[in-house]
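To start, the structure itself, in structure tokens.
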Amino acid sequence: LVSSTPNVRTEREWKRLIARKSPRAWDNKPTMSDDGDIVVIEYAALLEEPGESDAANELKEKLTAAFGTDKSLGIVAIRGVPQFLEVRTEFLPMAHRLAHLPHDYLENELSDPKTLYNAGWSHGKEKLGDKPDTAKGSFYFNPLSDQPGTPELRDQFPLSYPCNVWPDERKIPGFEVKAKDLGSIMHKAVVRLSLHIDALAKKRLGESYADHMLYKQMQATDKAKGRLLYYFPIESSDASASGEKVSASEDSWIGWHNDSGFLTALAGDMYVNDETGQPIDKSLIDPAAGLYAVNRSGKTVRVNMPEDCMAVQIGECTQIITGGAVIATPHCVRGGGLKEDDGNGTRVARISLPCFIDTGPTFPLCLPSGCSREKAIGSGLGSAKVPPLQDRWEEGMTFGDFLQKTFATYYDWSKK
Numbered sequence: 196l197v198s199s200t201p202n203v204r205t206e207r208e209w210k211r212l213i214a215r216k217s218p219r220a221w222d223n224k225p226t227m228s229d230d231g232d233i234v235v236i237e238y239a240a241l242l243e244e245p246g247e248s249d250a251a252n253e254l255k256e257k258l259t260a261a262f263g264t265d266k267s268l269g270i271v272a273i274r275g276v277p278q279f280l281e282v283r284t285e286f287l288p289m290a291h292r293l294a295h296l297p298h299d300y301l302e303n304e305l306s307d308p309k310t311l312y313n314a315g316w317s318h319g320k321e322k323l324g325d326k327p328d329t330a331k332g333s334f335y336f337n338p339l340s341d342q343p344g345t346p347e348l349r350d351q352f353p354l355s356y357p358c359n360v361w362p363d364e365r366k367i368p369g370f371e372v373k374a375k376d377l378g379s380i381m382h383k384a385v386v387r388l389s390l391h392i393d394a395l396a397k398k399r400l401g402e403s404y405a406d407h408m409l410y411k412q413m414q415a416t417d418k419a420k421g422r423l424l425y426y427f428p429i430e431s432s433d434a435s436a437s438g439e440k441v442s443a444s445e446d447s448w449i450g451w452h453n454d455s456g457f458l459t460a461l462a463g464d465m466y467v468n469d470e471t472g473q474p475i476d477k478s479l480i481d482p483a484a485g486l487y488a489v490n491r492s493g494k495t496v497r498v499n500m501p502e503d504c505m506a507v508q509i510g511e512c513t514q515i516i517t518g519g520a521v522i523a524t525p526h527c528v529r530g531g532g533l534k535e536d537d538g539n540g541t542r543v544a545r546i547s548l549p550c551f552i553d554t555g556p557t558f559p560l561c562l563p564s565g566c567s568r569e570k571a572i573g574s575g576l577g578s579a580k581v582p583p584l585q586d587r588w589e590e591g592m593t594f595g596d597f598l599q600k601t602f603a604t605y606y607d608w609s610k611k
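Position one of the sequence shown corresponds to residue 196 (the working numbering), numbered consecutively onward.
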């Protein structure tokens, strides 16, 4: 069952509307600074068809700055996505209410052990090394389909095609509808972006890159995993609420990793009072907290994502199939609290929503013809922060097999 977003317009209608209201995405040259500001493009630019027009070439320059230079962070922000801000504002705060539902209800009614907690609620089931990860709770859902794949595929790949588990409507009114709406909105933006990633890869690789390869997969897929994250407050012994530098480790909320799939849509984040659920202005949050990434030159920077944007990160599978034309980069999330004590003992929680848009598990991960393994892997970042890609991927292995090997490798890696 695919959620229908209210007041849905056709793509052509949105294109005309945005063209009237939004600045042209190609009016400004790509920007990137050492403090982690990311390249921003307008959704209107993604509605343009790839080609050799001035507009198309300007967009390629921006995407190259986002994905293909020494300072690239492997992420691009998209402004002006229709209905995104409105639905995000309605949905993300629901994570607080979800995370504070009775423990028995979360564990017995909203968890799905048979899919290894790949649907519904998960807290303390994932591991960092050999220890349960209790720093955050996750709610997994597929915004595109309640029953993805076919019955045969669901039997064969239960972890890739879990069926959705939703909270009772009476407990969190509107949760399911808003979750599907927001995920579907981000999926649509990812599909448009994938068309232009194809164009970028085609420009670099020529005829060896199949036309519209990524676009066709992203458009047709029903394999999408939204992960509504609620990061519980860092213990007071780990984080300062008096203006002192946070002593928590740089990856205290989410450890260093590359996204292993194809494209990851990000809805941004928000901070709330863990007791009341009231939003906390980001100007009050310790500036050390948040998303960090490593660029191609090996520098770790805090990612500054504009509040009015969604973003998309490159996964390792897209790096492989584009022969390294675009790359995945290591990233993590650092915890933190208020930068100054408010006198009330406020405990800070963080909420975010990545949505992983992938192919089916049988998709073969093959290089473009004539592209070497060394080029595809070598174009990425060799970092001690994540397990080397060359140890996890072999030419032609399926996406499902790659994920399985990657999960096992990360488990052993995090114990080091």
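Cβ coordinates follow ideal geometry from the N, Cα and C atoms, glycine included.
Closest to residue i by CA distance: which of the options is it?
| i | options | result |
| --- | --- | --- |
| V507 | Y426, G573, S389 | S389 |
| D341 | P327, F352, C358 | C358 |
| E535 | I552, S478, R497 | S478 |
| I515 | D393, N468, S447, P428 | D393 |
| I270 | E511, I572, P338 | E511 |
| I273 | I449, F427, A239 | A239 |
| Y605 | G595, F594, D586 | D586 |
| T554 | E304, L339, W448, W451 | L339 |
| C504 | V282, A251, E256 | V282 |
| D469 | E302, R545, L354 | R545 |
| A616 | P559, I522, T557 | Residue 616 lies beyond the stretch modelled for the chain, which goes from 196 to 611, so this question has no answer here. |
| P297 | K320, I367, R387 | I367 |
| W448 | R365, A251, F427 | F427 |
| P142 | F594, K600, G595 | Since the first residue shown for the chain is 196 and the last is 611, residue 142 is missing from the structure and cannot be characterised. |
| A396 | D249, P563, P277 | P563 |
| N337 | D454, F551, Q278 | F551 |
| P288 | E243, A462, G344 | A462 |
| G315 | G344, G421, A603, S248 | G421 |
| A484 | A261, D454, R529, T517 | R529 |
| R497 | C527, T517, G518 | C527 |
Give me the Cα-Cα distance between residue i and residue j, rounded to the nearest whole angstrom.
| i | j | result |
| --- | --- | --- |
| L348 | I475 | 43 Å |
| P362 | F370 | 8 Å |
| V372 | G275 | 22 Å |
| P501 | A384 | 17 Å |
| M592 | L533 | 46 Å |
| T200 | L423 | Its pLDDT being 36, under 50, T200 is placed unreliably in this model, and the coordinates cannot settle the point. |
| S228 | K266 | Any reading at S228 must be qualified, since the residue scores a pLDDT of 35, below 50, and its modelled position is unreliable; the value itself is stated next. Roughly 8 Å separates the two Cα atoms. |
| I480 | L486 | 13 Å |
| I429 | G450 | 14 Å |
| T541 | G531 | 12 Å |
| G565 | E402 | 10 Å |
| P218 | R292 | Below a pLDDT of 50, predicted positions are generally treated as unreliable, and P218, at 35, falls in that range; the measurement from the model is reported next regardless. Straight-line Cα distance between these residues: approximately 37 Å. |
| S317 | D328 | 10 Å |
| Y335 | N303 | 15 Å |
| L301 | F286 | 19 Å |
| R365 | L305 | 14 Å |
| K257 | A251 | 10 Å |
| T416 | T495 | 33 Å |
| A405 | K398 | 11 Å |
| S567 | E590 | 10 Å |
| A294 | T471 | 12 Å |
| N499 | A374 | 25 Å |
| G319 | S248 | 51 Å |
| A436 | I380 | Interpretation of A436 is limited by its pLDDT of 43, a score under 50 that renders its predicted location unreliable; no figure is taken from the coordinates. |
| G518 | F262 | 13 Å |
Kindly indicate if chain B contains any beta-carbon less than 8 Å away from that of residue i.
| i | result |
| --- | --- |
| I449 | No chain B appears in this structure, which consists of one protein chain only. |
Would you grab the beta carbon distance between residue i and residue j for me? Rounded to a whole angstrom, and I think it's under 8 Å.
| i | j | result |
| --- | --- | --- |
| F457 | T513 | 5 Å |
| G332 | Y425 | 5 Å |
| I233 | L268 | 6 Å |
| P549 | A419 | P549 to A419, Cβ: 11 Å. No contact. |
| H391 | P245 | 6 Å |
| A520 | L400 | 6 Å |
| D446 | S547 | In fact, because the Cβ distance is near 15 Å, the residues do not count as touching under 8 Å. |
| P556 | H452 | Their Cβ separation, rounded to whole angstroms, is 20 Å, which puts P556 and H452 out of contact at 8 Å. |
| S355 | G595 | 6 Å |
| V386 | D307 | That pair is no contact at about 28 Å. |
Per DSSP, residue i forms a beta bridge with which residues?
| i | result |
| --- | --- |
| R529 | G485 |
| N468 | V543 |
| L461 | A506, P549 |
| E237 | R274 |
| D232 | N499 |
| S317 | S333 |
| L296 | Answer is none; L296 lacks a bridge partner. |
| Y426 | K331, R545 |
| G421 | F336, C550 |
Is residue i near the ligand COA - that is, is its Cβ less than 7 Å away from at least one heavy atom of it?
| i | result |
| --- | --- |
| A579 | Summarising the ligand content, the structure contains no ligands, and the ligand COA is consequently not present. |
When you compare the segment 306-325 with the segment 482-495, are there three or more beta-carbon pairs, one atom per stretch, that lie closer than 8 Å? no
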